[in-house]
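Engineer: For the sequence shown, the residue numbers in my numbering are 8 to 170.
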Amino acid sequence: MPRSGVVGWKPSVLRQARQDKDWNLSELARRADLSRTAIGRYEKDGGSAPTPEALERLAAVLGVPARAFLDFQVAGLAGYRAVAGLTQDQLVDAVGDPDLNVQTYRALESGRTRKLRTAQARSLAAFFGISQEEVRTAHAHSVRRRQEQENEALTAGGAERTR
Numbered sequence: 008m009p010r011s012g013v014v015g016w017k018p019s020v021l022r023q024a025r026q027d028k029d030w031n032l033s034e035l036a037r038r039a040d041l042s043r044t045a046i047g048r049y050e051k052d053g054g055s056a057p058t059p060e061a062l063e064r065l066a067a068v069l070g071v072p073a074r075a076f077l078d079f080q081v082a083g084l085a086g087y088r089a090v091a092g093l094t095q096d097q098l099v100d101a102v103g104d105p106d107l108n109v110q111t112y113r114a115l116e117s118g119r120t121r122k123l124r125t126a127q128a129r130s131l132a133a134f135f136g137i138s139q140e141e142v143r144t145a146h147a148h149s150v151r152r153r154q155e156q157e158n159e160a161l162t163a164g165g166a167e168r169t170r
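1) From what residue to what residue does the alpha helix (DSSP H) around I46 run?
2) Going by C-alpha to C-alpha distance, which of S130, V81, F79 sits closest to L98?
3) Would you tell me roughly how many angstroms separate the C-alpha atoms of Q23 and N108, rounded to the nearest one?
4) Please go through the stretch 56-85 and give each complete alpha helix (DSSP H) segment of 4 or more residues, from N-terminal end onward.
5) From which residue to which residue does the alpha helix (DSSP H) around L98 run?
6) Using only the alpha-carbon positions, how far apart do T111 and A85 sit?
7) In the DSSP assignment, find the unbroken alpha helix (DSSP H) run with S33 in it and report its ends.
8) From this set, E157, S149, Q156, L161, which residue's C-alpha is nearest F79's C-alpha?
9) Please report how far the alpha carbon of T44 lies from the alpha carbon of T125, in whole angstroms.
10) Measure the C-alpha to C-alpha separation of F76 and A114 and round it to an integer number of angstroms.
11) Helix, strand or coil for P9? Go by DSSP, reduced to three states.
12) In terms of residues, what are the limits of the alpha helix (DSSP H) holding V20?
Dropping the structure here:
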């Protein structure tokens with residue numbers, strides 16, 4: 008899993024898209040206005056993932072939909088936000104739902120809030136241009152990912168105590 012950047016990043020898609028264009032790392036970096044080192048990290052399995060802004064640039068110069076670079080079963084709501092090229096604060100402002108503030112959205116995206124209200128699903132679906140069911144599924148992936156992380160932490164903590 009990438010150490011930073013958008014969640015659910017698939018480095019192999021970037022690598023393949025670059026190779027399909029017959030570009031080397033430097034050429035893609037020049038066209039996307041990113042460093043060659045960053046591109047190399049983005050292409051490395053287990054390396055870094057781009058920011059939403061860098062994802063947007065890479066998708067544009069390669070002519071590949073930003074969605075293709077993400078595994079939404081891993082990304083959850085964060086993937087849709089990344090495809091939109093927005094920070095959490097920008098997303099909440101753009102959605103314009105008075106019942107959805109940054110703190111609430113962060114909790115939904117991180118999976119800390121396990122209950123997605125109908126009004127929230129409706130607002131997010133309208134903004135992302137997807138169905139409410141897709142929003143609910145993405146949120147469920149966020150919740151599942153958080154539960155897995157919590158379980159791993161408990162398991163690791165238990166292993167430490169038994170030593």
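For glycine and all other residues, C-beta sits at the position ideal for the given N, C-alpha and C. Since we're looking at a predicted model, the values are computed, not measured.
Structural biologist: Well, looking at it:
1) Position 39 of the sequence shown, counted from the start, is the residue given in the question as residue 46. 43-50 is the extent of the alpha helix (DSSP H) around I46.
2) Against the sequence shown, residue 98 aligns to sequence position 91. Nearest of S130, V81, F79 to L98, Cα basis: S130.
3) Reading the sequence shown from its first residue, position 16 is the one you call residue 23. Reading the sequence shown from its first residue, position 101 is the one you call residue 108. Taking the straight line from one Cα to the other gives about 38 angstroms.
4) 59-69, 79-82
5) Taking the first residue of the sequence shown as position 1, residue 98 is located at position 91. First-last of the alpha helix (DSSP H) with L98: 95-102.
6) For this step, residue 111 is matched to residue 104 along the sequence shown. For this step, residue 85 is matched to residue 78 along the sequence shown. Whole-angstrom Cα-Cα distance: 14 angstroms.
7) Looking up residue 33 in the sequence shown gives position 26. Run containing S33: 32-39, per the alpha helix (DSSP H) assignment.
8) In the sequence shown, counting from the first residue as 1, residue 79 sits at position 72. Ranked by Cα distance from F79, the first of E157, S149, Q156, L161 is S149.
9) The residue you call residue 44 lines up with position 37 of the sequence shown. The residue you call residue 125 lines up with position 118 of the sequence shown. The straight-line gap from Cα to Cα measures roughly 43 angstroms.
10) If you number the sequence shown from 1, residue 76 lands on position 69. If you number the sequence shown from 1, residue 114 lands on position 107. So the two alpha carbons sit approximately 24 angstroms from each other.
11) Numbered from its first residue, the sequence shown carries residue 9 at position 2. Legend: pLDDT at P9 = 46, less than 50; position of this residue unreliable, value from coordinates given subsequently. Coil at P9, not helix or strand.
12) Position 13 of the sequence shown, counting from 1, holds the residue named residue 20. V20 -> alpha helix (DSSP H) spans 18-27.
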